[in-house]
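Novice: Structure in structure tokens, see below.
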Amino acid sequence: MPKRTQAGLLFACFILFQTANSQKAGLAWPNGNFNDIRQYTSTGKVTWYYTWSPNPVRSDLEFVSMLWGRDQIDTFTSMINKTISQNGVTHVLGFNEPQQPGQSNLTAEEGAELWRTYLGPLKSQGIRLGTPAPSSAPSGKTWLQDWLTACAGGCNPDFVALHWYDVNATQFQLYLEDFHDTFQLPIWVTEWADHNFNGDDQPSFDEVVSFLNQTQSFMDATDWVERYAWFGVMENMQDVGYNNAMMDSQGDITDLGRQYIGGGSAEGGSAPSAVSSASSRRFRTQFSALPPRISSAIMALTALPGLLQELIFL
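The structure is reproduced here in structure tokens:
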């Protein structure tokens, strides 16, 4: 093989390795221990998860705790110190879409008061804190600016958390750049999907595949984007289109989920099926009782052929 070709192949392998082993990809996980989170750890690309709560699940992944809103305060305060000590928590997220009436629904002043009372003190333990995560509605950025004003210098978040739902990858990139330029803090995208909430047509599965590829690649290559988590990894996608699902209705990882974790492109694959593969379910059942590290190693071995095939054709 010519030296130039060898060098190009080695460089391509290095880039693939770096991307696959990025510490950024996470899971927004609402499933408790009912579904098997280990399906998403076989490649090592996914390194952390959160549950919209202070409650972790059985997993070797890093757990990021969260105070969702006012209604969760009692649960959060009763268990956060124990969760930090037992789970090695180093990051905590703030309120969920506070400017939305159907979500945590807080004024900027209420958010600042709750933050100073329940989240700010955690910094003395070395915990890094994320801002409240606004939705991508136009009011989101304004709410966050008002929140910082209401904090009067008393909040000092370590990173900006945000959500984004729409159908244009370029606009997604511009949105993140605007938030970074405005707040001058690292960015965590704790929810994002290729979904239109404006009443227009929803994207096809192939369009979702392309959108995920473009946006995830951008974030992997952008140093000020620290972490991200796609929506969603759940059987019921709520109001978000099922073409975005990384879990089917039987609790199994989808083609899109495999793409997200670096297990190969979902191009030419299919949208989530109502019935999962029987062989996949039998295989998962056979080792579901094994210790997490052993079962994750088994799943990693099953992913090797696809990863090697991608390397060959680079």
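According to mature numbering (1 follows the signal peptide of the UniProt record, and there is no 0), the stretch in the sequence shown is residues -22 to -1, 1 to 292, in order. Here a beta-carbon is modelled for each residue, glycine too, at the ideal position from N, C-alpha and C.
Give me the DSSP bridge partner(s) of F41.
Specialist: Answer is Y27, bridged to F41.
Novice: Assuming V42 and I15 are in contact, meaning their beta carbons sit under 8 Å apart, how far apart are those beta carbons, in whole angstroms?
Specialist: Going by Cβ atoms, the distance from V42 to I15 rounds to 14 Å, so no, they are not a contact pair.
Novice: Do A3 and V211 count as a contact pair if the criterion is CB distance below 8 Å?
Specialist: Not a contact, by the Cβ cut-off of 8 Å.
Novice: Assign T168 to one of three DSSP states: helix, strand, or coil.
Specialist: In the structure shown, T168 sits in a strand (DSSP, three-state: E or B).
Novice: Measure the Cβ-Cβ separation of P181 and N221 and say whether it is below 8 Å.
Specialist: Yes. Within cutoff.
Novice: Under 8 Å Cβ to Cβ from S243, same chain only, skipping five residues before and after it: list those, please.
Specialist: So the list reads V187, N191 and Q237, once near-sequence residues are dropped.
Novice: In the structure shown, what three-state DSSP assignment does G108 receive?
Specialist: G108 falls in the strand class under three-state DSSP.
Novice: If you follow the beta strand (DSSP E) that residue 294 is part of, which residue opens it and which one closes it?
Specialist: Nothing in the structure corresponds to residue 294, since the chain is present only between -22 and 292.
Novice: Only counting the same chain, and skipping five residues up and downstream in sequence, which positions put a Cβ closer than 6 Å to that of C133?
Specialist: Excluding residues within five positions, the ones whose Cβ falls inside 6 Å are W93.
Novice: Taking DSSP as the reference, what is the three-state secondary structure of L84?
Specialist: Note: L84 maps to coil in three-state DSSP.
Novice: Considering Cα atoms alone, identify which of P99, K101, G247 and V67 is closest to D184.
Specialist: When only C-alpha atoms are compared, the closest one is G247.
Novice: Kindly identify the DSSP beta-bridge partner or partners of I231.
Specialist: Answer by DSSP bridge pairing, in chain order: M225.
Novice: In the structure shown, what three-state DSSP assignment does Y163 receive?
Specialist: Correcting the residue type first, residue 163 is Leu in the shown sequence and not Tyr. Correct three-state label for L163: coil.
Novice: What is the DSSP secondary structure of A3, reduced to helix, strand or coil?
Specialist: Residue state, collapsed to three classes: strand.
Novice: Nearest by alpha-carbon distance to H141: which of D233, A130, L126 and A115 is it?
Specialist: The candidate whose alpha carbon is nearest that of H141 is A115.
Novice: Rounded to the nearest angstrom, what separates F261 and A171 at their Cα positions?
Specialist: A caution first: F261 carries a pLDDT of 30, below 50, which makes its placement in the model unreliable, though a value can still be read off. So the two alpha carbons sit approximately 30 Å from each other.
Novice: Compute the Euclidean distance between the alpha carbons of S117 and M224, then round it to the nearest angstrom.
Specialist: Roughly 29 Å between the two C-alpha positions.
Novice: State the DSSP-derived secondary structure class of A128, mapped to helix, strand or coil.
Specialist: Helix, per DSSP.
Novice: Kindly identify the DSSP beta-bridge partner or partners of Y238.
Specialist: According to DSSP, which records beta bridges pairwise, Y238 is partnered with nothing at all.
Novice: Taking the CB atoms as reference points, tell me whether A86 and D38 lie closer together than 8 Å.
Specialist: Result no, Cβ atoms of A86 and D38 do not sit closer than 8 Å.
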